[in-house]
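Counting from 453, one number per residue, gives the positions in the sequence shown under my numbering. What follows is a single structure, written as structure tokens, with notes after it.
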Amino acid sequence: MASLAARLFTETYGPTHPEPELSRYLARSFSVEGTREAIADDGVTMLIVEDPKGSAIAYAYLRSSADPPAGVDGDRALEIVRFYVDVVTQGRGVGAALMDKCFDDGKNRGADVIWLQVWKEAPWAVGFYARMGFLVVGSAPFYFGDQVGDDHIMAKSL
Ligand SMILES: CC(C)(COP(=O)(O)OP(=O)(O)OC[C@H]1O[C@@H](n2cnc3c(N)ncnc32)[C@H](O)[C@@H]1OP(=O)(O)O)[C@@H](O)C(=O)NCCC(=O)NCCS
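Set out below in structure tokens:
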């Protein structure tokens, strides 16, 4: 799980988020220990998509959020912390199918809103989330070493 997450982050954001900060970010965000702790958390769901040969090709990391950011309206919120489809698999409906599972997980947990943070300069992801029914409800910074990115907060009622 940790190596899949690090690989897909690098594939997507490596060109715009270079070394030396990239390795530090990967170590901080995708350690085996941190991933193990997240999986053990009752408020967390990790979904992995495998191809017919059993290789991991996509994943989603979901977390109940007691205190969601301004603009996310609801009594019980679920955050999509990470959502990645391997580049060789993109454009074939895997993201939409995985998102449906995220919505199911939210409903099973009694969540009434699902939200996420996405880089404003990632139109491929912003467009996909809009297609999945998310609306931009706010903005937030994203820290990457000295780089401070500008993220959208997007949300959808469940
Ligand atoms: C964004 C991402 C998850 C989409 O997954 P995917 O498997 O390629 O998406 P799908 O093939 O399931 O597409 C689902 C629908 O979204 C639409 N869509 C995809 N990208 C779109 C875009 N940029 N703008 C508008 N619609 C888009 C598709 O056309 C499809 O619509 P349809 O149902 O009418 O045919 C995938 O490209 C990805 O993982 N990118 C890199 C990682 C990343 O940026 N993750 C987000 C981090 S916040």
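Where is the CB? At the ideal position from N, CA and C, for every residue including glycine. For clarity, every value in this text was computed on a predicted model and none was experimentally measured.
D556 sits in a helix when the DSSP states are folded into three classes.
Contact annotation, Y477 with F580: C-beta distance approximately 23 Å; criterion of less than 8 Å not satisfied. Rounded to the nearest whole angstrom, the C-alpha separation of Y465 and A458 is 10 Å. Only residues of its own chain outside the window of five on either side were considered, and among them V501, D503, D538 and T541 have a CB closer than 6 Å to the CB of I509, listed in chain order. Shortest Cα-Cα distance from M584 to any of T497, G545, S475 and N560 involves G545. Rounded to the nearest angstrom, the Cβ distance from D602 to S591 is 6 Å, consistent with a contact under 8 Å.
In the DSSP assignment, E485 falls within the alpha helix (DSSP H) that extends over V484 to A492. Per the C-alpha coordinates, the member of D556, D564 and W571 positioned closest to R534 is W571. When rounded, the separation of the alpha-carbon atoms in E573 and H469 is 12 Å. Scanning the region 522-584 for uninterrupted beta strand (DSSP E) segments of 3 residues or longer gives 529-537 and 565-571, listed from N- to C-terminal end. Around the Cβ of G506, a 10 Å sphere holds fewer than 16 other Cβ atoms; the residue is exposed.
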